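Residue numbers (our numbering), protein chains in the order written: chain A, 16 to 202; chain B, 238 to 545.
For each residue, glycine too, the CB sits at the ideal point set by N, CA and C.
All values reported here derive from a predicted model rather than from experimental measurement.
Presented below is the structure to which this report refers.
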Amino acid sequence: MDVADIHKNVKILEDGIPYTVDDLEFTKPGKGRAIYRVKLRNLIDGSITDKTYHSGEKVDEARTTYQQEQYLYKDGDHYIFMNTENYEQIFVTEAQIGDKKNFLKEGTLVDMLMFGERPIDITLPNFIEFKVLESEVAIKAQTISPQLKAATIETGAVIGVPTFINIGDIIKVDTRTGTYVERINKK
Amino acid sequence: MMDDERRHLLQLESNLKKRVLIYKLIRRFFEDRGFLEVETPVRVPVIAPEPYIVPFESDGWFLSTSPELHMKRMLAAGYKKLFQFSRCFRKGEQGRLHNPEFTMLEWYYANAGYLVIIQQIEDLVAYLAGAMEFRRIKHGKLDFDISTPWSRMTVRDAYIKFAGWDPTTKPDPLRFDIDMAGKVIPGLSKDHPTVLLDYPSYAAALARIKPDNPAVAERAEIFFGELELANVYSELVDADVQKKRFVEAIGQIEKEQGKKMQMPDKFIEALPFIPECGGVALGIDRLVMLLCNAASIDEVITFTADNA
Numbered sequence: 016m017d018v019a020d021i022h023k024n025v026k027i028l029e030d031g032i033p034y035t036v037d038d039l040e041f042t043k044p045g046k047g048r049a050i051y052r053v054k055l056r057n058l059i060d061g062s063i064t065d066k067t068y069h070s071g072e073k074v075d076e077a078r079t080t081y082q083q084e085q086y087l088y089k090d091g092d093h094y095i096f097m098n099t100e101n102y103e104q105i106f107v108t109e110a111q112i113g114d115k116k117n118f119l120k121e122g123t124l125v126d127m128l129m130f131g132e133r134p135i136d137i138t139l140p141n142f143i144e145f146k147v148l149e150s151e152v153a154i155k156a157q158t159i160s161p162q163l164k165a166a167t168i169e170t171g172a173v174i175g176v177p178t179f180i181n182i183g184d185i186i187k188v189d190t191r192t193g194t195y196v197e198r199i200n201k202k
Numbered sequence: 238m239m240d241d242e243r244r245h246l247l248q249l250e251s252n253l254k255k256r257v258l259i260y261k262l263i264r265r266f267f268e269d270r271g272f273l274e275v276e277t278p279v280r281v282p283v284i285a286p287e288p289y290i291v292p293f294e295s296d297g298w299f300l301s302t303s304p305e306l307h308m309k310r311m312l313a314a315g316y317k318k319l320f321q322f323s324r325c326f327r328k329g330e331q332g333r334l335h336n337p338e339f340t341m342l343e344w345y346y347a348n349a350g351y352l353v354i355i356q357q358i359e360d361l362v363a364y365l366a367g368a369m370e371f372r373r374i375k376h377g378k379l380d381f382d383i384s385t386p387w388s389r390m391t392v393r394d395a396y397i398k399f400a401g402w403d404p405t406t407k408p409d410p411l412r413f414d415i416d417m418a419g420k421v422i423p424g425l426s427k428d429h430p431t432v433l434l435d436y437p438s439y440a441a442a443l444a445r446i447k448p449d450n451p452a453v454a455e456r457a458e459i460f461f462g463e464l465e466l467a468n469v470y471s472e473l474v475d476a477d478v479q480k481k482r483f484v485e486a487i488g489q490i491e492k493e494q495g496k497k498m499q500m501p502d503k504f505i506e507a508l509p510f511i512p513e514c515g516g517v518a519l520g521i522d523r524l525v526m527l528l529c530n531a532a533s534i535d536e537v538i539t540f541t542a543d544n545a
């Protein structure tokens, strides 16, 4: 791939290691070559590296694939998933899951990004429904503006919900922003 | 989505109004000095071959990367003072200071050299700032004293100071470009505009070689910190030398990009009739950014390539 085709979120290979381009700064002084200063995130260990390319250079695209996996359960530091086609199990470390663990509930289907045989990242469905396990009783609001209160959902994560939500309610959450969307029904 | 677009467009309003005022003031500045405003084509059959300026193709022709060749053909016909606001298109140039479609203010002045043009840029910026009632130009965290003359530094001195080598005695075009972006530009003054003068002859582009020093060309660039505002030449009017440079550029483009560029023959034929002159290409979007204290080019353009 020509360096001019690099953009944010593209995955490239440097010394056999896959990186994702987190940030890209384009400079092109005068009539000279374009200079691309990129921030690369190592997809294996999450570390950040800065690198400079100039026009005319070639970079290798990291060949990654997606496969559908179902989250089964957590065992120690590992999250165990099952491939929905061949039922093979795959282990993903807690570090690789990162903040997504807040919305990862057993049985959820995810798109898993693979580099060869190696899991790199997961993409959650945009919306997932969760049961509210704990929530404070709302104190009568003193203003008419919408008020939020804290609620603990079944993954253990705490999010802001409207005051009318009760323990046992099922709510829909936007996993990209971590915000409450709507109440599904009462159980 | 529509809400985001509406909010974004309405946020631009005060900058768009300033942009119109800046255009009006620039027209007045040049009319007062006897310059004629011209419009040359935006879709053209041939462009100046330059290795690191990539054109968009348009049905066998090109979208103009610069109005330079046509304006010079007008000079060859006898016009002496010309200016133009011109849409230019350069593929792949996108970032905080770049959009692939942008506006250039370009002017040419017969019988003047690059030093006279540099003074005109200083005068123009002082005129705009005066009319808009600023004494200094604040841009982000930087605050520029724009009283003239601006500080001048040769490219040679700048490289010795910031990069530790002399590009005029050691020709190294690749290292020259990398150090320009990585060392020289970041080192430039943060409180005065800088005029970088006398580029090495291998980075002359369409500028003439300095008569008393063949290692450098009469080319200058104006910087406000890391923002490059304008590129100034004493124009090369020697058709043989120009043709030779174009042949080299065409060869380099073919070798590096596999594309066959054409020689701009009509321009080469006109060159013997062009008087000694100076000229400049000044990025209007960047000038508006400076005068609006806008951090990014998308704050002064209605629709950029990202949201068009």
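Looking only at its own chain, which residues have a Cβ that is under 7 Å from the Cβ of residue i, when we skip the five neighbours before and after it?
i         : result
VAL362(B) : ILE383
ALA457(B) : TYR351, ILE355, VAL432, LEU433, LEU434 and VAL469
ASP17(A)  : LYS73
GLU330(B) : PRO337
Let's test the definition: count the other Cβ atoms within 10 Å of the Cβ of residue i and tell me whether it reaches 16, buried, or not, exposed.
i         : result
TYR88(A)  : exposed
LYS26(A)  : buried
SER62(A)  : exposed
LYS497(B) : exposed
VAL474(B) : buried
ILE137(A) : buried
ASN336(B) : buried
PHE460(B) : buried
PRO195(A) : The sequence given here places Tyr at residue 195(A); Pro does not occur at that position. Its Cβ being crowded by 16 or more others within 10 Å, TYR195(A) is buried.
SER471(B) : buried
Can you grab the Cα-Cα spacing for the pair residue i / residue j, in whole Å?
i         : j         : result
LEU39(A)  : ARG52(A)  : 6 Å
ASP305(B) : GLU343(B) : A small fix is needed here, since residue 305(B) is Glu in this sequence, not Asp. If you take the alpha carbons of GLU305(B) and GLU343(B), they lie about 8 Å apart.
VAL36(A)  : THR67(A)  : 12 Å
GLU549(B) : VAL525(B) : Nothing about residue 549(B) can be read from this structure; chain B reaches only from 238 to 545.
LEU249(B) : HIS93(A)  : 49 Å
VAL478(B) : ALA452(B) : 15 Å
PRO134(A) : LYS378(B) : 43 Å
LEU55(A)  : HIS69(A)  : 16 Å
GLY91(A)  : ASP20(A)  : 41 Å
GLY419(B) : ALA400(B) : 9 Å
GLU132(A) : TYR81(A)  : 11 Å
GLU29(A)  : ALA110(A) : 22 Å
ASP184(A) : LEU148(A) : 8 Å
ALA518(B) : LYS164(A) : 58 Å
ARG523(B) : ILE511(B) : 30 Å
ASP75(A)  : ASN252(B) : 41 Å
Please work out which residues of its chain come closer than 6 Å, Cβ to Cβ, to residue i, disregarding the five sequence neighbours upstream and downstream, and give them in chain order.
i         : result
GLN489(B) : PRO288
PRO404(B) : TYR396, PHE413 and PRO437
LYS317(B) : ALA347
THR158(A) : Summary for THR158(A): the model assigns pLDDT 46, below 50, so the residue's position carries little reliability, and this model does not support an answer.
ALA532(B) : GLY377
VAL283(B) : GLN499 and PRO501
ILE112(A) : TYR94
ASP416(B) : ALA400
VAL279(B) : SER301 and ARG324
GLY424(B) : PHE399
ALA49(A)  : LYS43 and SER70
GLY47(A)  : none
Please name the residue or residues paired with residue i in a DSSP beta bridge.
i         : result
ALA165(A) : GLY175(A)
LEU39(A)  : VAL53(A)
ILE284(B) : The partner list for ILE284(B) (beta bridge, DSSP) is empty, contrary to what the question assumes.
GLU142(A) : A quick correction: the sequence has Phe, not Glu, at residue 142(A). ASP189(A).
THR391(B) : LEU434(B)
CYS514(B) : ALA347(B)
MET118(A) : Position check: residue 118(A) holds Phe in this sequence, whereas Met was assumed. PHE118(A) is not bridged to any residue.
THR80(A)  : MET129(A)
ASP17(A)  : LYS73(A)
VAL107(A) : TYR94(A)
LEU342(B) : PHE322(B) and LEU519(B)
THR64(A)  : LEU55(A)
Going by beta carbon distance, what residues of the same chain come within less than 8 Å of residue i, once the five residues before and after it are set aside?
i         : result
ARG256(B) : VAL525, CYS529 and VAL537
ILE214(A) : Nothing can be reported for residue 214(A): it is not among the residues displayed for chain A, which extend from 16 to 202.
THR170(A) : LYS116, ASN117, PHE118, LEU119, LYS120 and PHE145
ARG310(B) : LYS503, PHE504 and ALA507
Q) In the region 285-296 of chain B, which residues sit with their C-beta less than 9 Å from some C-beta in chain A, listed in chain order? A) GLU287, PRO288, TYR289, ILE290 and VAL291
Q.
For the region 334-365 of chain B, list every residue whose C-beta sits within 8 Å of some C-beta in chain A, in sequence order.
A. LEU334 and HIS335
Q) Looking at chain A, which residues of the region 509-527 of chain B have a Cβ within less than 9 Å of any of its Cβ atoms? A) none
Q) Going along the chain, which residues of the region 478-494 of chain B sit with their C-beta nearer than 7 Å to a C-beta in chain A? A) GLU493
Q | Contact residues within the region 402-416 of chain B, judged by C-beta distance below 9 Å to chain A | A | PRO410, LEU411, PHE413, ASP414 and ILE415
**Q.** Contact residues within the region 41-52 of chain A, judged by C-beta distance below 7 Å to chain B
**A.** PHE41, THR42, LYS43, PRO44, GLY45, LYS46, GLY47, ARG48, ALA49 and ILE50
(Q) Against chain B, which members of the region 66-100 of chain A pass a CB distance test of less than 9 Å? (A) THR67, HIS69, SER70 and GLY71
**Q.** Residues within the region 446-473 of chain B neighbouring chain A, beta-carbon criterion of under 7 Å
**A.** GLU458, GLU465 and ASN468
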